[in-house]
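Residue numbers (my numbering): -18 to 377.
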């Protein structure tokens, strides 16, 4: 009787998730060839909380299944894989404990979070670092990269082809111990739209005086030690949208000269930055007399407990296109601007979750001042309220 041909257990598998398997040391997806049909269909692979996992593919498993690995490197081809997530694998050593290549021609998301880094294999022999084995061959479609710990250091120190980061749009870095963000890393990611730096000690992202005219970053979050986002004379002429959030040490977004370079900006949001006192600061550079945010349509200031104003000196501000202004939970903000303020398109302002209609004798400064008085009146002792109570019909 003729032996039945080998069959795949899951011939149509497109998504595989392995989680909370503390004794798992390795796993495999195919029977006879590393480039089997399961790999060809797999679109999503996620492995997490497997504390004993060292090599997803092992030599013994492949040998027992008839796969012979000699001089040529093992080749792991994932032609349809778009997402690879490896999370909390403290013993992870390599994708495969031997010479190998990992290829993902359509991979869009790569996440390596709290994955162990070991320079030696179990026999004490030097081995190819795990992260480098993944990115040695460029992923032409990579859009999102999430790294933590030593994996970040490898990224900063390694030499990669320029094409590796051509399409990268999202970069998240967690718990890097490097004192500074390496010079030029942002310039290599010319299409980067979102940058998250969580638990990193960097005090600056854009080096002083370095040209940023090609920067496309829209969202910046979690820069705990960042003090000054845009140091002069940095220019951001192509920036169209900016969201800054959860930057605990940030005291302002930039100086007046930097703000004047934001000629294409249409949206700005500053959220949950506890130390920011003004949006436009002064660090000794030449102070501008007038700034025109010609294309800015939406401005949001939310959960900024130390913010006192948008600008702290007598500066003329013009917002000819501003349609939406939102100011929520900025309890120290007494006024928007001390200088002349023009917002001809703005008809109302959202202050502390209330919509306030504007008119010729009730402008943005008046609305914010009245809201500040009302919020602080609620904190006063009853006797103080009786002495200084006043009506505020616009906010009722």
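For each residue, glycine too, the CB sits at the ideal point set by N, CA and C.
Determine, using beta carbons only, whether residue i and residue j come nearer to each other than 8 Å.
i           : j           : result
residue 208 : residue 232 : yes
residue 431 : residue -6  : The chain is shown from -18 up to 377; residue 431 falls before or after that span and cannot be answered.
residue 320 : residue 305 : no
residue 288 : residue 249 : no
residue 150 : residue 132 : no
residue 94  : residue 129 : yes
residue 218 : residue 242 : yes
residue 38  : residue 7   : yes
residue 97  : residue 122 : no
residue 276 : residue 325 : no
residue 311 : residue 282 : yes
residue 92  : residue 68  : yes
residue 26  : residue 62  : yes
residue 322 : residue 303 : no
residue 221 : residue 247 : yes
residue 410 : residue 167 : As shown, the chain starts at -18 and ends at 377. That puts residue 410 outside it, with no answer to give.
If you count every other CB in all the chains shown that lies within 10 Å of the CB of residue i, and 16 or more means buried, which is it?
i           : result
residue 43  : Note that residue 43 scores a pLDDT of 48, beneath 50, so its modelled location is shaky; the value from the coordinates is reported in the next line. It is buried - the Cβ of residue 43 has at least 16 other Cβ atoms within 10 Å.
residue 352 : buried
residue -8  : exposed
residue 254 : buried
residue 157 : buried
residue 420 : Residue 420 is absent from the model: the chain starts at -18 and stops at 377.
residue 49  : Because the pLDDT at residue 49 is just 45, under 50, the model does not fix this residue reliably, and the value given afterwards should be weighed accordingly. Exposed, because fewer than 16 other Cβ atoms sit within 10 Å of the Cβ of residue 49.
residue 107 : Low confidence applies to residue 107: its pLDDT is 48, below 50, so where it sits in the model is not reliable enough to give any reading.
residue 160 : exposed
residue 196 : buried
residue 153 : buried
residue 336 : exposed
Can you give me the Cβ contacts of residue i inside the same chain, cut-off strictly under 6 Å, excluding the 5 residues immediately before and after it?
i           : result
residue 1   : 30
residue 270 : none
residue 261 : 237, 240, 292
residue 228 : 204, 207, 254
residue 251 : 225, 282
residue 274 : 300
residue 28  : -1, 67
residue 179 : 155, 203
residue 280 : 249, 306
residue 175 : 151, 200
residue 331 : 307
Taking the alpha helix (DSSP H) that residue i falls in, what are its first and last residues?
i           : result
residue 349 : 345 to 358
residue 238 : 237 to 241
By Cβ distance, which residues of its chain are closer than 7 Å to residue i, with the 5 residues on each side in sequence left out?
i           : result
residue 162 : 183, 186
residue 32  : 3, 71, 72
residue 317 : 290, 291, 345, 346, 349
residue 146 : 169, 170
residue 334 : 309
residue 329 : 336, 337, 338, 339
Can you tell me where the beta strand (DSSP E) with residue i in it begins and where it stops?
i           : result
residue 25  : 25 to 29
residue 252 : 248 to 252
residue 94  : 90 to 96
residue 69  : 64 to 70
residue -3  : -4 to 0
residue 226 : 222 to 226
residue 87  : Counting along the chain, residue 87 falls outside any beta strand (DSSP E), and DSSP gives it neither H nor E.
residue 201 : 200 to 202
residue 331 : 329 to 332
residue 185 : Where residue 185 is concerned, there is no enclosing beta strand (DSSP E), given that its DSSP letter is neither H nor E.
residue 336 : 335 to 338
residue 244 : Careful: residue 244 lies outside any beta strand (DSSP E) and carries neither H nor E.
residue 324 : Neither: residue 324 is in no beta strand (DSSP E) and is coded neither H nor E.
residue 258 : Note, residue 258: premise wrong, no beta strand (DSSP E); not H, not E.
residue 209 : 209 to 211
residue 196 : Careful: residue 196 lies outside any beta strand (DSSP E) and carries neither H nor E.
residue 306 : 305 to 309
Who are the near neighbours of residue i in its chain, counting only those whose CB is closer than 8 Å to its CB and skipping five residues on each side?
i           : result
residue 263 : 236, 237, 293, 294
residue 286 : 255, 310, 311, 312, 313
residue 24  : -5, -4, 61, 62, 63, 64
List in chain order: all unbroken beta strand (DSSP E) runs of 3+ residues lying wholly within the segment 260 to 301.
271 to 273, 279 to 283, 290 to 292, 297 to 299
Any beta strand (DSSP E) of 3 or more consecutive residues that is wholly inside the segment 119 to 175
Entirely contained in the segment 119 to 175, the beta strand (DSSP E) runs reaching 3 residues are, in chain order, 125 to 129, 151 to 155.
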